[in-house]
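A.B. asks: For what it's worth, numbering that gives the first Met the number 0 labels the leading residue of the sequence shown as 0, then goes sequentially. Virtual Cβ for every residue (Gly too), placed ideally from N, Cα, C. Every value quoted in this text rests on a predicted model; they were computed, and no experiment measured them.
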Amino acid sequence: MTEFIFMLTYNDMTVKNAIEVYKEIRNTKVKFIGFKDIGLPIDQLKKLVKMMKQDNRTTFLEVVSESKEAAIQSAKTAVKLGVDYLIGGTYIQETMPIIHETEIRFFPYVGKIVDHPCLLRGTIEEIVEDAKRVEKIGAPGINLLAYRYDGDVEKLMLSVQKAVKIPLIVAGSINNYERVRKMKELGIWAFTIGGAIFDKKFVPKGTYGENIEAVLKEIK
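(1) Let's test the definition: count the other Cβ atoms within 10 Å of the Cβ of Tyr176 and tell me whether it reaches 16, buried, or not, exposed.
(2) Mapping DSSP to helix, strand and coil, what is Ile211?
(3) Identify which residue in Lys131, Asp11, Lys161, Pro116 has its Cα closest to the Cα of Phe34.
(4) Run through the DSSP bridge pairs and tell me what Ile126 is partnered with.
(5) From Thr1 to Cys117, what distance separates their C-alpha atoms?
(6) Determine, using beta carbons only, whether Pro139 comes closer than 9 Å to chain C.
(7) Please list the segments of the alpha helix (DSSP H) lying wholly inside the region 185-211, counting only runs of 4 or more residues, in order along the chain.
(8) Could you name the residues of the same chain whose beta carbon sits closer than 7 Å to that of Val63, not counting the 5 residues immediately before and after it, in chain order?
(9) For the beta strand (DSSP E) containing Met6, list its first residue and its last residue.
(10) For Glu124, count the other beta carbons within 10 Å of its own beta carbon; 16 or more makes it buried, fewer makes it exposed. Which is it?
(11) What are the boundary residues of the beta strand (DSSP E) that Thr58 is part of?
(12) Distance, Cα to Cα, Arg235 vs Leu80?
(13) So Leu80 is in the beta strand (DSSP E); what residue range does that whole segment cover?
(14) Sort Val127, Asn174, Lys49, Phe105 by Cα distance to Lys161 and report the nearest one.
(15) Say whether the region 48-59 touches the region 12-32, bearing in mind that this needs 3 or more beta-carbon pairs closer than 8 Å, one atom from each stretch.
(16) Using three-state DSSP, classify Lys111 as helix, strand or coil.
(17) At the level of alpha carbons, what is the spacing between Met156 and Ala138?
(18) Span of the beta strand (DSSP E) holding Lys35?
(19) Count the other C-beta atoms from every protein chain shown that fall within 10 angstroms of the C-beta of Arg56, then say buried if there are 16 or more, exposed otherwise.
(20) Can Ile32 and Leu7 be called in contact, C-beta distance under 9 Å?
(21) What residues are listed by DSSP as bridge partners for Val232?
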């Protein structure tokens, strides 16, 4: 089954009113909810994660920090918050020891990540080889910026899926029903949507909750 991860983010940053938005969508059926490592202070993130755990939701922290020092700090933040998944980030060898004694599952980026919001670059062959490397290191999954890639997106997803046995999260720029349906069609384990919910791309005159439910309905 393909899962939808609602990200409380816009332009690769956690929205300032993330707690208020969460309260607004609290009664939707979305099970997976995430946020980025930048945009909201730690005390607010603690409050947010506490609320989500009270609701028995699965929590995701996505790392978009570019420097090694910031990525390490993000991993330490994930431990402090007690999230279920740490996704994104490229400093795998430095991150894994930090979360080693926790139950956090780490799905790093693969390929060459540039700019902010993050873009994926490199050839499909290079990205596939990086995915194999990540699997060999022992990461339990991969965070693939498929729709932030400037090549053949479907070929990229199929190639990575074929090359590794670990699950994929497809993150970034899933902003229409066609792309949502493609996640289900390809059997992608999970995908993230943030900005397209805030822009109400699925139900233009609807609430955030109605946009979330529209995405969930599409992958049933």
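C.D. replies: On the basis of the supplied data:
(1) exposed
(2) helix
(3) Asp11
(4) Bridge partners of Ile126: none, in fact.
(5) 23 Å
(6) The structure shown has no chain C; it contains just one protein chain.
(7) 194-197
(8) Asp11, Lys35, Asp36, Ile37, Gly87, His115, Cys117
(9) 2-6
(10) exposed
(11) 57-62
(12) Missing from the structure shown is residue 235; the chain here goes from 0 to 219 and no further.
(13) No beta strand (DSSP E) holds Leu80; the alpha helix (DSSP H) holding it covers 67-80.
(14) Val127
(15) yes
(16) strand
(17) 18 Å
(18) 31-35
(19) buried
(20) yes
(21) Lying before the first or after the last residue shown, residue 232 is absent from the chain, which here runs from 0 to 219.
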